[in-house]
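In what follows, a single structure is set out as structure tokens and then discussed.
Protein chains in written order, with the UniProt record's numbering: chain A, 1 to 1219; chain B, 1 to 316.
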């Protein structure tokens, strides 16, 4: 008898509902939904992932026993004790129609997997097939002579299996029915007749569905029956407490075996969809799992009080549901979390078939199986954890089987296939982890004890953990984390004492950051980030279950829930990175890739967009330069980031993300950036905005903007007053004129008052025929002449007018300071680093950029680009940061930054197109064109190890010069500089690139030919120069396609070969002809001259020279070999004749008179510095640019060929093309 | 409406000036002009003289021109061009203070200030705010009170456009041109200014700019080295190097000492990988302060400085 193991609920049950007796269950094939039909006549729709009841359907009368989802349509079907079959739409949440026909309880209902059919079984002893599209009964199958308890379609074939209380299981062939109902193609008259008549035959249930097999073997009624998804197998459950397995062939079917164990009626059973297992449930309150092949019990789960009535399997994922007296439980059979451990660039993990494999993050390759764990634990239980010890290359695996056990295994050196471990240590314990190079800790749940063991598996120390400890984790060097249900304890193994304790409930996993400074404690719904000394940094709550987590190298934690990958920063700011279509377990985050294991224990790489969290991280770390980089390079827009920034108090940064003018305006007002606000207001041009801008500008004291808003709003009165307050008499006068022009007397009067213009006032009053007032005004101002004319005009005398006593005439005060001439000094707070940088005010290059290899050497491709642009601005960051931020509170800014502030409304220099080039391109030539020599040099240094730039100077200046034209404009001013592009059609400023003189084509057609002709005409000095020039031209260049890159590299190699060859020959020619050593060296060099890969015609020349020299010096053997090579090459007859002659002469005595260091049979390269051979196998280094080879002693020197690059320097390879 | 084209008196001399036909301007008979137009015309003539390199002569004779502030401005401008820059800047400051509403003062003052890299002052003098706030009343006011206002405004706008371009604010320059286009569509100056902007923006606008310059350069009545150089520059940007070379040769033939023609020839030679020494030495002789040479000098030392930071690990 198999043991009854009560599985720990936490492990197995995913969801449980409380209700009355559950009689039917159906999984939705895609969504996390389950339908439960209850004895109480209700149908419930649950989301088992969230544990929420989505809907209830209550139209049946009495218990509902059968239920099924349609595979593709938003439909489900139910059958109840009211004899009715109902088809429902869960979208419209109502019953669509009812199928009537059964004469007794309906037991089960199922949809066909492709046809519009429903299969039902009923206590009226019939099995019926319905067409739910035309809502008709199409077949009734009779034959069972008791209640039919269950009937199911075969998943592929035209078969039905049914179970009945008549103790039989029947298999029905329904191919006839399918034929009849398939679309009529071409039908003969006979067919049509037969079809017309067949309905009658149907009534007797004959031709359409025939009994194929009757399976007898159960001693009591059979409650449930099911087909195997792929094999010709059937499983049935009966009241005889047995689960029987049947097999069928084309012609017969027979009983295979019986699974005995239920001690009450077995109510339902099914095959595991993927594994060789059978699951059955019974009224003995158990769920039992059986091995399909051995028919032995694998696992048993017992419920205390509830009898089980039904079981269902999810068609795709490892989930099952069982209905019992008090509801439904959804569970899985095994842990799907693959055990894994990573170390540096390697991931070790245990596959589903229980092999240990490794995965290389840098190469993205899986290793073959390293080790088999088949014999460890039980066959149906995967190991729980894996701990890796890189020093010993050993692993610790644990399995929950038999109260927990562990094994310590040394991995074989190379993955040679799944070998069974021979040498291993094992023991009892629930958790086992490495804590030091030669120590591991084993925790036993039952004894509540942690043993520290050495690698021979003997206990060196024993720790008594706090009571209730559930698990242990690595806790940093020499420490472990002891996890209880409510807290986590950091324990020092050496000192045997508790270092810290933190109250965190239900921690299940601990993930350490790669630098070991932080750890994430994962609970079911919480992520708590702690420091290595267990101080809480932040915590967050998730409503959805948290699955796993991994740290980004920058210190961002990415974690996965059931359906998302999310991130959290140390400060607790979090967000969604991407959604997941299936649950994965994160193991590593590297740049844009998230590495994870899926539920099938397969490594997968998911692409993520790290922009958002990188940006937030940069914000937190105040790494403005990186933020700037992100802003520039990525399309980081969207409401969320804007509101985030706004919320965090960075409206001025948020401003950079917004395109919508309205929002921009709001943000600009909020951060007091009037420039932008003005710009936006101009775009939108709405009075309301002008008003707001005016108010804000007034608060800033920026009266020029105030003036503009008033002008925009035509608020002439306010404008006049503004001019008055700023003392701008001129404009005030103009306002008066405008008022006159407008015919607005009120305004004229006001302006005249402001200006103290009495005459104007009098004039105006007269125009209005307000002579008394005009007179009074004139009189008050003492304008006697005016008074007189007025009196004359009106025919009055002075005496006739009685005036009140007058005071002195009022005059408006004179302005002392001409405020209107310049704006008041305004606060510079709004000018953040960003705006400056974005406006391009930050200079392109600075002096103190750290040079040479700075840690980026190993990066390639995209990262390289990033690094480049970043470095380009690295130096000035410090300074600018200080300038940009420290002066934030400085009131008197004029001294320092009047350039920015005086005319802040519109001006301020932008960045030139040349600056854009440097930003747009990772190519050194483009930086050179931009005049950013510093960064160009950095690029070259990184790409090809360039160190000696002097020879490149003409090239740099040439490129710089070529890209600018001078357009005469206004006489007296310097010409307008424009920038020549190589992509003439382009207007997107992010893609503009400069013209680079000496393109690939001109080099290939002109320069290369020039070099060749120098070779032919024996002008080696010139040739050497030409080839070096070619090398330099190509070193700093840009091409237009990836194909051209290959072409360019070919030319580089060719040029390098020729340059080496010519240098060899030139050295030889420089040798004195006398002296034995010199002759020897001369012979050697001439021999080496034949080695570089020259064009055949040129090689012939080299061979010819070498042959002649060898011959004249009586080195016949060498001369012979040269002659042979010449003959092999073929070519001009004249040369070949000579070669033949020499060959025949040499063959008489093929010996060398002078022994030279030249092995004619060996393959070798010629060292470009010492001009001596480097034979295959001996150590050598090469120039990272042109590939010239050197003896390893020359490493670190400047390449003799290109004269620029450092021999053997680490380099990422030259870039000539940016896609 | 345009008071200027209606009277038409200044049209020819203005156009000739902007096309770079300075000799035509100098030889222009201004005695028949109406009095109010005499000063502007004379100013143009003096400016043309300065443009052809006779700043000294202008300085010597400026006293005879009368004491309109316009001539004071010309004097300062001539001073600046002939090299006494600091003097000119201080003088322009006083002049601006006194006569900030005078068109010539604005224009030449703006030029001098911009040339002295006092961009902010230049822009504010050029009535930046005024220029961009075309509130109807103020415009119409300007129309009625000052008949030459539009002409002056255009002139100012052209200068503003250039300043924006030198500041690399193509966006602002474009706005300015587009605004001007709305009310002075046919103006030659607007067309030219638009071409300046077009050469910055690129794409299809290269071709448009080319058409403007080509039209000017190839019609015998309007042809001048300035427009020939403009045409050549546009062709350079369009990648049509042989055509550019032809245009430049034409320009140099016309005026062997045209600075920009020589400078652009240098650029063209570099692009096509040819020897530049002849043109470079030419340029050095005529205009040692040309940005091409200055930049090159600066970059050259910059190169040495930057290159000095690198060295091979092992000296050979």
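Note that the Cβ used here is the ideal one computed from N, Cα and C, for glycine as well.
Note that this is a predicted model, so its numbers are computed, not measured.
Can you tell me where the beta strand (DSSP E) holding residue i begins and where it ends?
{"i": "residue 223 of chain A", "result": "222-227"}
{"i": "residue 1173 of chain A", "result": "1173-1175"}
{"i": "residue 323 of chain A", "result": "320-324"}
{"i": "residue 590 of chain A", "result": "584-590"}
{"i": "residue 80 of chain B", "result": "Here residue 80 of chain B belongs to no beta strand (DSSP E); instead the alpha helix (DSSP H) covers 69-81."}
Against chain B, does residue i count as a neighbour if the rule is that its beta carbon must be under 7 Å from one of theirs?
{"i": "residue 987 of chain A", "result": "yes"}
{"i": "residue 686 of chain A", "result": "no"}
{"i": "residue 729 of chain A", "result": "no"}
{"i": "residue 726 of chain A", "result": "no"}
{"i": "residue 592 of chain A", "result": "no"}
{"i": "residue 998 of chain A", "result": "yes"}
{"i": "residue 973 of chain A", "result": "yes"}
{"i": "residue 754 of chain A", "result": "no"}
Taking the alpha carbon of residue i as the reference point, which residue from the options has its own alpha carbon closest?
{"i": "residue 549 of chain A", "options": "A/583, A/511 and A/770", "result": "A/511"}
{"i": "residue 502 of chain A", "options": "A/488, A/391, A/1186 and A/514", "result": "A/488"}
{"i": "residue 19 of chain B", "options": "B/35, B/189 and B/115", "result": "B/189"}
{"i": "residue 812 of chain A", "options": "A/778, A/804, A/785 and A/753", "result": "A/753"}
{"i": "residue 298 of chain A", "options": "A/588, A/317 and A/377", "result": "A/377"}
{"i": "residue 29 of chain B", "options": "B/47, B/10 and B/36", "result": "B/10"}
{"i": "residue 237 of chain A", "options": "A/436, A/226 and A/1104", "result": "A/226"}
At least one CB of chain A closer than 7 Å to the CB of residue i: is that the case?
{"i": "residue 229 of chain B", "result": "yes"}
{"i": "residue 282 of chain B", "result": "no"}
{"i": "residue 278 of chain B", "result": "no"}
{"i": "residue 10 of chain B", "result": "no"}
{"i": "residue 314 of chain B", "result": "yes"}
{"i": "residue 26 of chain B", "result": "no"}
{"i": "residue 162 of chain B", "result": "yes"}
{"i": "residue 260 of chain B", "result": "yes"}
{"i": "residue 168 of chain B", "result": "yes"}
{"i": "residue 264 of chain B", "result": "yes"}
{"i": "residue 291 of chain B", "result": "yes"}
Just the chain C side, please: which residues come within less than 8 Å of residue i by C-beta, in chain order?
{"i": "residue 949 of chain A", "result": "The structure shown contains no chain C; the protein chains it does contain are A and B."}
Over what stretch of residues does the alpha helix (DSSP H) that includes residue i continue unbroken?
{"i": "residue 135 of chain A", "result": "That residue, residue 135 of chain A, is in no alpha helix (DSSP H); it is neither H nor E in DSSP."}
{"i": "residue 237 of chain B", "result": "225-237"}
{"i": "residue 611 of chain A", "result": "611-620"}
{"i": "residue 50 of chain A", "result": "Taken as a continuous stretch (DSSP letters only), residue 50 of chain A belongs to no alpha helix (DSSP H), as it is neither H nor E."}
{"i": "residue 108 of chain B", "result": "103-115"}
Okay, do the stretch 175-183 of chain B and the stretch 193-202 of chain B touch, 3+ Cβ pairs below 8 Å being the bar?
At 8 Å Cβ cutoff, the stretches touch.
Ignoring anything shorter than 4 residues or poking outside the stretch 930-963 of chain A, list the alpha helix (DSSP H) runs there in chain order.
933-944 and 953-962
Give, in chain order, every unbroken run of the alpha helix (DSSP H) that is at least 4 residues long and sits entirely within the UniProt domain "COPA/B TPR" (626-779) of chain A.
639-647, 651-654, 661-670, 674-684, 687-700, 703-713, 716-726, 729-742, 745-755 and 758-767
Could you tell me whether the stretch 318-338 of chain A touches the stretch 595-613 of chain A, where touching means 3 or more Cβ pairs closer than 8 Å?
yes
For the 8 Å Cβ check, are there 3 or more pairs between the stretch 946-957 of chain A and the stretch 292-309 of chain B?
yes
Can you confirm whether the stretch 910-924 of chain A touches the stretch 157-169 of chain B when touching is taken to mean that 3 or more C-beta pairs between the two stretches lie within less than 8 Å?
yes
List, from N- to C-terminal side, the beta strand (DSSP E) runs of 3 residues or more that fit wholly inside the stretch 431-498 of chain A.
431-436, 439-444, 449-454, 459-463, 469-474, 479-484 and 488-492
Closer than 8 Å is the cut-off here; do at least three beta carbon pairs connect the stretch 577-587 of chain A with the stretch 561-568 of chain A?
yes
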